[in-house]
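Engineer:
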Amino acid sequence: MALADGGSGRAAGIDLLRALAIVSVMLYHLSSHGVALPPMVELGWMGVDLFFVLSGYLIGWQLLGGYAEGRTPRWRRFLLGRALRILPAYYAVLALYVVLGDQREGGTLQPLWKFLSLTINLYPQWEQGLAYSHAWSLCVEEHFYLLFPALVWLLARRASARTISLLLAGLFGGALLLRGYLWQTQVAAYMDAGDVGQAMQHFISVIYNPTYARLDGLLLGVVLAMLRAFRPHWWQSLQAHNRALLLSAGAIFYLCTQIPLMSLAGATLLFPLVALGCSALLLSVTSPASYLARQRVPGAQTLAVLAYSLYLTHRQIYHWLDTLMPQLAEQSTVLAAAGYFAAALLGAAMLYWLVERPTLDMRRRLLATPQLEHYSAMPQASSSAGPKNS
292 MALADGGSGR AAGIDLLRAL AIVSVMLYHL SSHGVALPPM VELGWMGVDL FFVLSGYLIG
352 WQLLGGYAEG RTPRWRRFLL GRALRILPAY YAVLALYVVL GDQREGGTLQ PLWKFLSLTI
412 NLYPQWEQGL AYSHAWSLCV EEHFYLLFPA LVWLLARRAS ARTISLLLAG LFGGALLLRG
472 YLWQTQVAAY MDAGDVGQAM QHFISVIYNP TYARLDGLLL GVVLAMLRAF RPHWWQSLQA
532 HNRALLLSAG AIFYLCTQIP LMSLAGATLL FPLVALGCSA LLLSVTSPAS YLARQRVPGA
592 QTLAVLAYSL YLTHRQIYHW LDTLMPQLAE QSTVLAAAGY FAAALLGAAM LYWLVERPTL
652 DMRRRLLATP QLEHYSAMPQ ASSSAGPKNS
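Sequence positions in the sequence shown follow the working numbering and run 292 to 681.
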């Protein structure tokens, strides 16, 4: 496919999950534009959590795979690569939002410095506007890119498998307790009073968006990468049950549909459950025994390649289409959805070819220089999670 970054080297299963994630998010946002979509699309917010699991796994494997072989990453190379991957397109779309004025979706922008510093998800000021508010998830990922390498560097020196297990358990348990506390102190009173609007605003501000409350998917993705790197036999044993994993993912997602997001159970348990379902799905579709790992679903690779540009631009494209074709949402569901999706794909393709692809090419050239080689030799020391083949 011409749009592919890596040609035949792309993994069909990973591309399928990226495509599923972006389509879920796009349908979720389309539901607020008057298109008669089935109620299931209201679960499309889970697509962001699938992106988190994918990022945790892929970035975790990129860093931990070398450690498992006695090498240590070049941190400057890693951070430069992440910056060139994420920031050019993100800032290009931010510039578009700035110049659009009253033509932007979501009304006014929150303070520009929050977008520039990638802190829009920390104590957002929704009363100032919702424009480009979906950038919150990019902030979560950028914070992960900064903090995770430092944690890996520290743990690689002395940590044992027991220490890492306790740390992960503490992070998962701590996030669960924190969300429960925030629900009880910041949200529950509004729900009890029947003020759902205020409850939702506080829920998004202190639970749904902030990095400290949304690490479940990223952490579970990292756990998968750790298994692959340091416990390959466990990894292979799990993947050998790819059909059971697929069924388990379906069962977990069904359970998630029975838990209201705006509830104490939703605030505490729903995010780790969704992440667990996404992790089972990832294990299944990347298994060598999986049909989905061997065969490409038509269109999935194109959607996967355009996923980032689609995520950045689709809400503004939807808004423009509402202005240009106000009757579109009143058409049949298939026709209306096809129109919105076609416009979003066109806008994303423009961003991809004008900004994202050139910076990816520049990144490839820069990171190919000897000064920025990916790994260097690591002195012999105990592995952060035990012997690779144990």
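Note that the Cβ used here is the ideal one computed from N, Cα and C, for glycine as well.
Because the structure is a prediction, the values reported are computed rather than measured.
Taking Ser570 as the reference, give the member of Pro617, Ala595, Met517, Ser554 with the closest Cα.
Structural biologist: As a first step, residue 570 is located in the sequence shown; it is residue number 279 there, counting from the start. Measuring from the Cα of Ser570, the nearest candidate turns out to be Met517.
Engineer: Taking the alpha helix (DSSP H) that Arg309 falls in, what are its first and last residues?
Structural biologist: Counted from its first residue, the sequence shown places residue 309 at position 18. Counting along the chain, the alpha helix (DSSP H) containing Arg309 begins and ends at 303-321.
Engineer: Give me the Cα-Cα distance between Tyr481 and Thr614, rounded to the nearest whole angstrom.
Structural biologist: Taking the first residue of the sequence shown as 1, we reach residue 481 at position 190. Taking the first residue of the sequence shown as 1, we reach residue 614 at position 323. For Tyr481 and Thr614, the distance between alpha carbons rounds to 35 Å.
Engineer: Indicate the three-state DSSP secondary structure (helix, strand or coil) for Thr410 in the structure shown.
Structural biologist: Taking the sequence shown and counting its residues from 1, one reaches residue 410 at position 119. Three-state DSSP puts Thr410 in coil, outside helix and strand.
Engineer: If you draw a straight line from the alpha carbon of Arg448 to that of Tyr358, how long is it in whole angstroms?
Structural biologist: Working through the sequence shown from its first residue, we reach residue 448 at position 157. Working through the sequence shown from its first residue, we reach residue 358 at position 67. Arg448 and Tyr358: Cα-Cα distance of roughly 11 Å.
Engineer: State buried or exposed for Val251, treating a residue as buried only when at least 16 other CB atoms are found within 10 Å of its CB.
Structural biologist: What is shown of the chain runs 292 to 681, which leaves residue 251 out entirely.
Engineer: Cβ of Gly304 within 9 Å of Cβ of Ala584?
Structural biologist: Here the question's residue 304 lines up with position 13 in the sequence shown. Here the question's residue 584 lines up with position 293 in the sequence shown. In this structure, Ala584 lies closer than 9 Å to Gly304 by Cβ.
Engineer: Can you check whether the CB of Arg301 is closer than 9 Å to the CB of Gln530?
Structural biologist: Position 239 of the sequence shown holds residue 530. Position 10 of the sequence shown holds residue 301. Contact: no.
Engineer: Return helix, strand or coil for Tyr472, following the three-state DSSP convention.
Structural biologist: What you label residue 472 is simply residue 181 of the sequence shown in a count that begins at 1. Of the three classes helix, strand and coil, the one that applies to Tyr472 here is helix, per DSSP.
Engineer: On the three-state DSSP scale, how would you describe Gln618?
Structural biologist: The residue given as residue 618 occupies position 327 in the sequence shown. Of the three classes helix, strand and coil, the one that applies to Gln618 here is coil, per DSSP.
Engineer: Quick check: Ala620 and Val326, are their CB atoms within less than 9 Å of each other?
Structural biologist: Position 329 of the sequence shown, counted from the start, is the residue given in the question as residue 620. Position 35 of the sequence shown, counted from the start, is the residue given in the question as residue 326. Cβ atoms of Ala620 and Val326: closer than 9 Å.
Engineer: Could you say if the stretch 625-641 and the stretch 312-329 meet the contact criterion of at least three C-beta pairs nearer than 8 Å?
Structural biologist: A contact exists between the stretch 625-641 and the stretch 312-329.
Engineer: Grab the span of the alpha helix (DSSP H) containing Tyr526 for me, first residue to last.
Structural biologist: Here residue 526 is taken as the residue at index 235 of the sequence shown, counted from 1. For clarity, residue 526 is Trp in the given sequence; the question names Tyr instead. Counting along the chain, the alpha helix (DSSP H) containing Trp526 begins and ends at 523-530.
Engineer: Can you tell me which of the three DSSP states Val332 falls into?
Structural biologist: Taking the sequence shown and counting its residues from 1, one reaches residue 332 at position 41. Helix at Val332.
Engineer: If you draw a straight line from the C-alpha of Trp526 to the C-alpha of Ala460, how long is it?
Structural biologist: On the sequence shown, residue 526 is found 235 positions in, with the first residue counted as 1. On the sequence shown, residue 460 is found 169 positions in, with the first residue counted as 1. Cα to Cα, the separation comes out at about 20 Å.
Engineer: If I'm right that Leu421 touches Gly397 with Cβ under 8 Å, what's the distance once you round it to whole angstroms?
Structural biologist: Here residue 421 refers to the residue found at position 130 when the sequence shown is read from its first residue. Here residue 397 refers to the residue found at position 106 when the sequence shown is read from its first residue. About 4 Å separates the two Cβ atoms, so the contact holds.
Engineer: Taking Ala580 and Asp306 to be in contact with their CB atoms under 8 Å, please state how far apart those CB atoms are, rounded to whole angstroms.
Structural biologist: By 1-based counting over the sequence shown, the position of residue 580 is 289. By 1-based counting over the sequence shown, the position of residue 306 is 15. The pair is not a contact, with the Cβ atoms about 18 Å apart (cut-off 8 Å).
Engineer: Which residue comes first and which comes last in the alpha helix (DSSP H) that contains Gly630?
Structural biologist: Locating residue 630 in the sequence shown gives position 339, where the first residue counts as 1. Start and end: 624-642.
Engineer: Look at Val497 and Gln475 and say whether their C-beta atoms are less than 9 Å apart.
Structural biologist: Counted from its first residue, the sequence shown places residue 497 at position 206. Counted from its first residue, the sequence shown places residue 475 at position 184. Result no, Cβ atoms of Val497 and Gln475 do not sit closer than 9 Å.
Engineer: Taking 9 Å as the threshold (C-beta atoms), are Thr604 and Arg470 in contact?
Structural biologist: Numbered from its first residue, the sequence shown carries residue 470 at position 179. Numbered from its first residue, the sequence shown carries residue 604 at position 313. No. Outside cutoff.
Engineer: Buried or exposed, going by whether 16 or more other CB atoms sit within 10 Å of the CB of Val390?
Structural biologist: Here residue 390 refers to the residue found at position 99 of the sequence shown. Result: exposed.
Engineer: Contact defined as beta carbons within less than 8 Å: I believe Asn500 pairs with Trp444. What is the distance between those atoms, to the nearest angstrom?
Structural biologist: Counted from its first residue, the sequence shown places residue 500 at position 209. Counted from its first residue, the sequence shown places residue 444 at position 153. That belief does not hold up - the Cβ atoms of Asn500 and Trp444 are roughly 28 Å apart, past 8 Å.
Engineer: Using 10 angstroms around the beta-carbon of Asp340, count the other beta-carbons present and answer buried if the total reaches 16, otherwise exposed.
Structural biologist: Sequence index remark: in the sequence shown, residue 340 carries index 49 (1-based). Counting Cβ neighbours within 10 Å, Asp340 comes out buried, since at least 16 surround it.
Engineer: Drop a sphere of 10 angstroms on the beta-carbon of Leu308, count the other beta-carbons inside from all chains shown, and report buried for 16 or more, exposed for fewer.
Structural biologist: On the sequence shown, position 17 is the one that residue 308 refers to. The residue is buried, with at least 16 neighbouring Cβ atoms inside 10 Å.
Engineer: Excluding sequence positions up to five away, which residues of its chain have a Cβ less than 6 Å from the Cβ of Ala310?
Structural biologist: Counting from 1 along the sequence shown, the entry for residue 310 is found at position 19. Taken in chain order, the residues that qualify are Ala591, Leu594, Ala595.
Engineer: Residues in the same chain with beta-carbon distance under 6 Å from Ala383, minus the five sequence neighbours each way, listed in chain order, please.
Structural biologist: Within the sequence shown, the letter at position 92 stands for residue 383. So the list reads Val646, once near-sequence residues are dropped.
Engineer: The alpha helix (DSSP H) spanning Ser451 covers which residue range?
Structural biologist: By one-based count along the sequence shown, residue 451 stands at place 160. Note, Ser451: premise wrong, no alpha helix (DSSP H); not H, not E.
Engineer: Would you say Leu515 and Leu572 are within 9 Å of each other, going by their C-beta atoms?
Structural biologist: Counted from its first residue, the sequence shown places residue 515 at position 224. Counted from its first residue, the sequence shown places residue 572 at position 281. No, these two residues do not count as a Cβ contact at 9 Å.
Engineer: Looking only at its chain, what residues have a beta carbon closer than 7 Å to the beta carbon of Thr410, apart from the 5 residues adjacent to it on each side?
Structural biologist: Position 119 of the sequence shown, counted from the first residue, corresponds to residue 410. Closer than 7 Å at Cβ, skipping near neighbours: Cys430.
Engineer: Could you tell me the distance, in whole angstroms, from the CA atom of Gln492 to the CA atom of Ser323?
Structural biologist: As a position in the sequence shown, residue 492 is number 201, starting the count at 1. As a position in the sequence shown, residue 323 is number 32, starting the count at 1. Near 17 Å, if we compare the C-alpha coordinates of Ser323 and Gln492.
Engineer: Measuring straight from C-alpha to C-alpha, what distance separates Tyr631 and Val314?
Structural biologist: The residue labelled residue 631 in the question sits at position 340 within the sequence shown. The residue labelled residue 314 in the question sits at position 23 within the sequence shown. So the alpha carbons of these two residues sit roughly 12 Å apart.
Engineer: State the start and end residues of the unbroken alpha helix (DSSP H) segment that holds Tyr582.
Structural biologist: On the sequence shown, residue 582 is found 291 positions in, with the first residue counted as 1. Its alpha helix (DSSP H) spans residues 582-585.
Engineer: For Gln401, count neighbouring C-beta atoms within 10 Å of its own C-beta (all shown protein chains included) and say buried if the count is 16 or more, exposed if not.
Structural biologist: Locating residue 401 in the sequence shown gives position 110, counting from the first residue. Classification for Gln401: buried.
Engineer: Run the CB neighbour count on Ser623, radius 10 Å, all protein chains shown included, and call it buried at 16 or more, exposed below.
Structural biologist: Numbered from 1 along the sequence shown, position 332 holds the residue referred to as residue 623. Under this definition Ser623 is an exposed residue.
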